[in-house]
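Visitor: Let me begin by handing over the structure; questions about it come next.
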Amino acid sequence: MAILEEPIKEVLELENYINGEWVKSESQEIKDVINPATQKVLAKAPMSTQKEVTAAIEAAQEAFPEWRRTAPLARVRCLFRLKELLEDNFEELSRVQTMEHGKTIDESRGETRRGIEMVEVATGIPSLMMGSNLEDIAEGIDEYLIYQPLGVFTHIAPYNFPFMVPLWYTPFALATGNTFVVKPSPRDPISQVKLAELIDEAGIPPGVYNLVHGHVDAAQVLMEHPYVKGVTFVGSTTVGRDVYKKSAAAYKRSIVQMSAKNFLIVMPDADVPSTIAALMTSFFGNTGQRCLSGANLVIVGDDEGFYNTLRDGFLEATSKIRVGYGLDEAIQMGPMQGLDGVERTKKYIDIGLKEGAKLIVDGRTPTIAGDYPDDYFINPSVFEDVTPDMTIAKEEIFGPVANILRAKDLDEAITMINNSNYGNAASLFTASGPAARDFQYRVECGNIGINIGIVAPMAFFPFSGMKDSFYGILHGQGRDAIRFFTESKMSIQRWF
Ligand code: NAD
6 MAILEEPIKE VLELENYING EWVKSESQEI KDVINPATQK VLAKAPMSTQ
56 KEVTAAIEAA QEAFPEWRRT APLARVRCLF RLKELLEDNF EELSRVQTME
106 HGKTIDESRG ETRRGIEMVE VATGIPSLMM GSNLEDIAEG IDEYLIYQPL
156 GVFTHIAPYN FPFMVPLWYT PFALATGNTF VVKPSPRDPI SQVKLAELID
206 EAGIPPGVYN LVHGHVDAAQ VLMEHPYVKG VTFVGSTTVG RDVYKKSAAA
256 YKRSIVQMSA KNFLIVMPDA DVPSTIAALM TSFFGNTGQR CLSGANLVIV
306 GDDEGFYNTL RDGFLEATSK IRVGYGLDEA IQMGPMQGLD GVERTKKYID
356 IGLKEGAKLI VDGRTPTIAG DYPDDYFINP SVFEDVTPDM TIAKEEIFGP
406 VANILRAKDL DEAITMINNS NYGNAASLFT ASGPAARDFQ YRVECGNIGI
456 NIGIVAPMAF FPFSGMKDSF YGILHGQGRD AIRFFTESKM SIQRWF
């Protein structure tokens, strides 16, 4: 099938968006943004200086009083305009994601849709941000609860959903009357530049929303600057630990969403065809670079017939995955976003082999549809005879590797999940209501799936997480986000 038209035609010189203006960075440190399928340079991203990041925070601080006084209805009118612009540019936004990240065009379209849904939900702020009151808490005295915005919030983004993840926070922060500074991942920042262009066009006043490019140095300022009231971070647990500690040490609230190692448990009463279809997208969608990806497939029971049927069905479906450039509509799995991801995945395959797991599908030598350099590509791999104590069963690989484990019963499977350091997501495939309830009740993970492979909460629910997958109290999205971005103010009134 023909490759869809590429929306990025020449190398983009990326700029920061500060106080409603596109500003060229003075930084000498520039990173190339590379299309992992073609290896063409798409953009040059500056690693902004601390002075530039500070300027963005100062602009947000200055814009806050007026934005806060803007009526919620007027604030969300900007978001309605943004929603229209996002729809008008849906296809271009999706193709940019595929070009800079590598995911398939369908995965990008799904990401764009999910991002737009965040904006849609945040337009409900005039109702969602309402407080409450009670008359006559004592004779002639009334009490009011009011939710108020706080000021400047920041976001430090990961690379795996370059368009959607910052939208878990941006529309909620703006709708509640706060101002915002976003730092995309330096690996694929173009999607956020495209979003910033549309935010500008939507008429959001200067300084209310700002975008700065950068990496560690820029992030330090975003989590420690005294004007910043709260920090939102999505990324690895190693970095997230530091973000949580440093923002707390600077007296800020934070939402810190981190790494994962998700278990998918299949009971012998599960419907095999629909389970296999769900497993495929869970393990290999987004080339395994998803915090909700399946990592450990646990087949329950001692029924060898069921085990073989499920394993063979899984392997057959795996062998049919077409790998190549995501702008080809026929492709089902794109390259990895970075060479480090390919190396890490291969390193874990070596570790799995050394620890005695059986590699029944070896994706290390990629077969690609089309004529592309293969450095960023890797095919799906499957390990069998994996045990919970093996490194590959415990650590996040973040690549297209599936581990098959066995458990004698649901109890043993739940113990495996609860022994993991991570607690992002877990799914159970079954026809049994009691088993499903037991699973939901006992599993220590923030997002639970019953006959669902990727447990991605909708924009009106919080995106949860537990243990080393999430630090904080309130989560991103939904009502949690509204509480995070506001402070409760109590007012008690008596009139004579
Ligand atoms: P990462 O931690 O390497 O980087 C995330 C962000 O932090 C980037 O913007 C980066 O520039 C910045 N950063 C890197 N080092 C830093 C430091 N020392 N101090 C401050 N900031 C620093 O993560 P990544 O590789 O971009 O993303 C992949 C990870 O994100 C995976 O572990 C995945 O599971 C996780 N993730 C989690 C969720 C979730 O909801 N729990 C969602 C998406 C991704």
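453 is the number that the working numbering gives to position 448 of the sequence shown; each next residue is one higher, with no gaps. In this text, a Cβ means the ideal position worked out from N, Cα and C, and glycines have one as well.
Between which two residues does the beta strand (DSSP E) containing I151 stretch?
Guide: It spans I146 to P154 - the beta strand (DSSP E) in which I151 sits, taken as one unbroken run.
Visitor: Is it true that the CB of P211 sits closer than 8 angstroms to the CB of A335?
Guide: Not closer than 8 angstroms, so no.
Visitor: Hey, G245 and V261 are a contact pair by Cβ (cut 8 angstroms); roughly how many whole angstroms apart?
Guide: The Cβ separation is near 5 angstroms, so the contact holds.
Visitor: Quick one: give me the first and last residue of the beta strand (DSSP E) that A322 is part of.
Guide: Premise fails: A322 lies in the alpha helix (DSSP H), E309 to S324, not in any beta strand (DSSP E).
Visitor: In this structure, does DSSP put S432 in helix, strand or coil?
Guide: Looking at S432 - three-state DSSP - the assignment turns out to be strand.
Visitor: Can you list the beta strand (DSSP E) stretches of 3 or more residues lying completely in the segment 251-284, in chain order?
Guide: You should have 258-262 and 267-271.
Visitor: Apart from the five residues on each side of it in sequence, which residues of its chain come closer than 6 angstroms, Cβ to Cβ, to M228?
Guide: Hits under 6 angstroms: V236, V248, K251 and S252.
Visitor: Using a Cβ-based criterion (distance less than 7 angstroms to any ligand heavy atom), does K108 qualify as near ligand 1?
Guide: Result no, Cβ not under 7 angstroms from ligand 1.
Visitor: For N426, name the three-state secondary structure that DSSP assigns.
Guide: Three-state DSSP puts N426 in coil, outside helix and strand.
Visitor: Thinking C-beta only, is N429 closer than 8 angstroms to G470?
Guide: Cβ atoms of G470 and N429: closer than 8 angstroms.
Visitor: Residues in the same chain with beta-carbon distance under 7 angstroms from M169, minus the five sequence neighbours each way, listed in chain order, please.
Guide: E116, R119 and G120, listed in sequence order.
Visitor: For K363, which residues in the same chain have their Cβ closer than 6 angstroms to its Cβ, ignoring the five residues on either side in sequence?
Guide: So the list reads E389 and D390, once near-sequence residues are dropped.
Visitor: Bridge partners for K36 per DSSP, in chain order?
Guide: Answer is A50.
Visitor: Return the bridge partner residues of G299 from the DSSP annotation.
Guide: Note: G299 sits in a beta bridge opposite N267.
Visitor: Check H218 in the structure and name its three-state DSSP category.
Guide: Coil, per DSSP.
Visitor: Thinking just about the alpha-carbon of each residue, which of T242, S432, L203 and G318 is nearest to the one in M97?
Guide: Reading the sequence as shown, one finds Glu at residue 97 and not Met. Nearest of T242, S432, L203 and G318 to E97, Cα basis: L203.
Visitor: Where does N165 fall in DSSP's three states?
Guide: Reduced to three states, the DSSP call for N165 is coil.
Visitor: Could you please give me the residues that DSSP links to D333 through a beta bridge?
Guide: Answer by DSSP bridge pairing, in chain order: I8.
Visitor: Could you tell me if the beta carbon of C450 falls within a distance shorter than 7 angstroms of some heavy atom in ligand 1?
Guide: It does not: the Cβ of C450 is nowhere closer than 7 angstroms to a heavy atom of ligand 1.
Visitor: Looking only at its own chain, which residues have a Cβ that is under 7 angstroms from the Cβ of T314, when we skip the five neighbours before and after it?
Guide: Excluding residues within five positions, the ones whose Cβ falls inside 7 angstroms are V277.
Visitor: Are the segment 64-79 and the segment 301-309 in contact at 8 angstroms, needing three or more beta carbon pairs?
Guide: They do not touch, by the three-pair rule.
Visitor: So, at 7 angstroms on beta carbons, what are the nonlocal neighbours of S287 in its own chain, with the 5 sequence-adjacent residues on each side left out?
Guide: Hits under 7 angstroms: L269, S298, G299, G458 and I459.
Visitor: Comparing C-alpha positions only, which one of Y353, E417, E400 and P340 sits nearest to D473?
Guide: The shortest Cα separation from D473 among Y353, E417, E400 and P340 belongs to E400.
Visitor: L78 and P154 - do their beta-carbons sit closer together than 8 angstroms?
Guide: For P154 and L78, no; Cβs fall outside 8 angstroms.
Visitor: So, with DSSP's three-state summary, where would you put L479?
Guide: Residue state, collapsed to three classes: coil.
Visitor: If we ignore side chains and look at the alpha-carbon of each, how far apart do Q482 and S113 end up?
Guide: Distance between the alpha carbons of Q482 and S113 is about 20 angstroms.
Visitor: Quick check: is any heavy atom of ligand 1 less than 7 angstroms from the C-beta of D37?
Guide: Because no heavy atom of ligand 1 lies under 7 angstroms away, the Cβ of D37 does not count as near it: no.
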